[in-house]
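Sequence positions in the sequence shown follow my numbering and run 493 to 828.
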Amino acid sequence: MKKGTHIKVQHIVWSDASDDELLFLKQLGLKYVYAYFKDEHCNYNDMMRFQERLSSYGLSITDAGNLSIYKCPSIHLGLPDRDECIDRYIEFTRNLGKLGIRVGYMSWDPDKIFTSRYAVGKYSRGCVTRIVDEKDIPKTVNLFGRVYTEEDIWDNCAYFLKRVLPELEKADVRLAFHPNDPPIPSINGVHNLLWRSQEYRRLFELAENSPYIGMKLCTGCWLETGAQFGNLLQDLREFVSQGKVFVVHFRNVSGTLPYFEETMIEDGYTDLRPVMEELVKLDYTGTVSIDHPLSFVPSCGGEKSGVAYMLGYLKSMLSSAQKEVNGPMEKNKANQ
Numbered sequence: 493m494k495k496g497t498h499i500k501v502q503h504i505v506w507s508d509a510s511d512d513e514l515l516f517l518k519q520l521g522l523k524y525v526y527a528y529f530k531d532e533h534c535n536y537n538d539m540m541r542f543q544e545r546l547s548s549y550g551l552s553i554t555d556a557g558n559l560s561i562y563k564c565p566s567i568h569l570g571l572p573d574r575d576e577c578i579d580r581y582i583e584f585t586r587n588l589g590k591l592g593i594r595v596g597y598m599s600w601d602p603d604k605i606f607t608s609r610y611a612v613g614k615y616s617r618g619c620v621t622r623i624v625d626e627k628d629i630p631k632t633v634n635l636f637g638r639v640y641t642e643e644d645i646w647d648n649c650a651y652f653l654k655r656v657l658p659e660l661e662k663a664d665v666r667l668a669f670h671p672n673d674p675p676i677p678s679i680n681g682v683h684n685l686l687w688r689s690q691e692y693r694r695l696f697e698l699a700e701n702s703p704y705i706g707m708k709l710c711t712g713c714w715l716e717t718g719a720q721f722g723n724l725l726q727d728l729r730e731f732v733s734q735g736k737v738f739v740v741h742f743r744n745v746s747g748t749l750p751y752f753e754e755t756m757i758e759d760g761y762t763d764l765r766p767v768m769e770e771l772v773k774l775d776y777t778g779t780v781s782i783d784h785p786l787s788f789v790p791s792c793g794g795e796k797s798g799v800a801y802m803l804g805y806l807k808s809m810l811s812s813a814q815k816e817v818n819g820p821m822e823k824n825k826a827n828q
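Right under this line is the structure:
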């Protein structure tokens, strides 16, 4: 039996996407997208209409989120309005379930991801890319009025899970946690939740190994701190085998902190082809995406050119890995 044939290549789409943007995704040969619903589009009727609109372009939503509820300081820090915010999260999750969208998100970054700047870098081939320099990471300890310890953050996560897990089960929606980015112990006096692979093990234990709690495995986050985060291939084997990987982000970087630039998939310090091959060998059935596209020359398509180039590369990686793992005879049979 062929392996890796159910891996879905996807790309982001916003709920206010134009017809041209949807046609662009169709022209790239995509069948799957992950949707970011803007605040004003999080009601069931708008979500349903957007899903129907995507369907007219041959696109299906595999997973979805809303930035203001899955990157929510009130939830992460346990602020006075967190129950109201969790209520919004639960309502959004219920809508996902009604629409048959089986994966939602959480990213425990109360101050969003940190970026030094977006600029042309040394390793970006003249493209504009995300750059992180550790010396720029703010050391302010009172950005949110106090220091939040490791215990504080995990207590808040436990509170969130206690409220949300029963609703995930009822809606039949799984929750994918993204790592902190950059994955360092703390930023601005707030301890990070998921800055090493061992923290994922702690998360899954906290959730009593519920099949509804898993991860977005972002290769970029693993690579940004290298061995400190974990062993990418070993962790991938462990978590995919356990059914904990719902989404895989393919992102490469020029090196580990104290400085890195996001690069083309093939240009970073790690060869990501073995990652794709491992996903095929493990018969992974989730989604893969390019995460952060680099931006080409504006007059030649800008970020859209970066999307097309990097998605084409990702699709070729998948095709090559399937051939490598399944062998030429399997491919010939598939073509008969």
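We treat Cβ as the ideally placed atom computed from N, Cα and C, and that holds for glycine.
What residue range is occupied by the uninterrupted beta strand (DSSP E) comprising residue i?
i	result
F669	666-670
H741	737-741
Y610	609-612
H503	500-506
Y692	From DSSP, Y692 is part of no beta strand (DSSP E) but of the alpha helix (DSSP H) over 689-698.
May I have the straight-line CA-CA distance separating residue i from residue j, to the nearest angstrom?
i	j	result
D647	H683	12 Å
K495	E758	24 Å
T585	S599	15 Å
S670	R541	What sits at residue 670 in the sequence shown is His, not Ser. Using only the alpha carbons, I get a separation of about 28 Å.
R655	D783	29 Å
L728	H503	21 Å
A556	V505	9 Å
L749	Q720	10 Å
Y651	E753	36 Å
C619	Y801	12 Å
E816	E769	8 Å
H741	L709	6 Å
S560	N818	42 Å
D508	K530	8 Å
A826	M756	Low confidence applies here, because A826 scores a pLDDT of 37, under 50, leaving its location unreliable and the question unanswered by this model.
L514	K796	12 Å
Q519	G794	17 Å
Would you please state the rounded distance, in angstroms, between the beta carbons of residue i and residue j? I believe it to be under 8 Å.
i	j	result
K627	T554	Contact flag wrong, Cβ pair sits at about 38 Å.
E691	L685	7 Å
L810	V767	At roughly 11 Å, the Cβ-Cβ gap does not stay under 8 Å, so L810 and V767 are not in contact.
So, using beta-carbon positions, are residue i and residue j closer together than 8 Å?
i	j	result
G778	V745	no
G681	L715	no
V595	V665	yes
S689	G722	yes
P602	F636	yes
According to DSSP, which residues form a beta bridge with residue i?
i	result
V772	In DSSP, V772 forms no bridge with anything.
M707	F669, V737
Counting along the chain, where does the alpha helix (DSSP H) carrying residue i start and finish?
i	result
A650	642-663
D512	511-519
T585	574-590
S552	Looking at the DSSP string, S552 is not in any alpha helix (DSSP H); the run it does join, the beta strand (DSSP E), is 552-557.
E754	From DSSP, E754 is part of no alpha helix (DSSP H) but of the beta strand (DSSP E) over 751-755.
M598	Taken as a continuous stretch (DSSP letters only), M598 belongs to no alpha helix (DSSP H), being part of the beta strand (DSSP E) at 595-599.
Y536	536-547
Between residue i and chain B, is the shortest Cβ-Cβ distance under 8 Å, so that the two count as touching?
i	result
Y524	Chain labels in this structure do not include chain B; a single protein chain is all it has.
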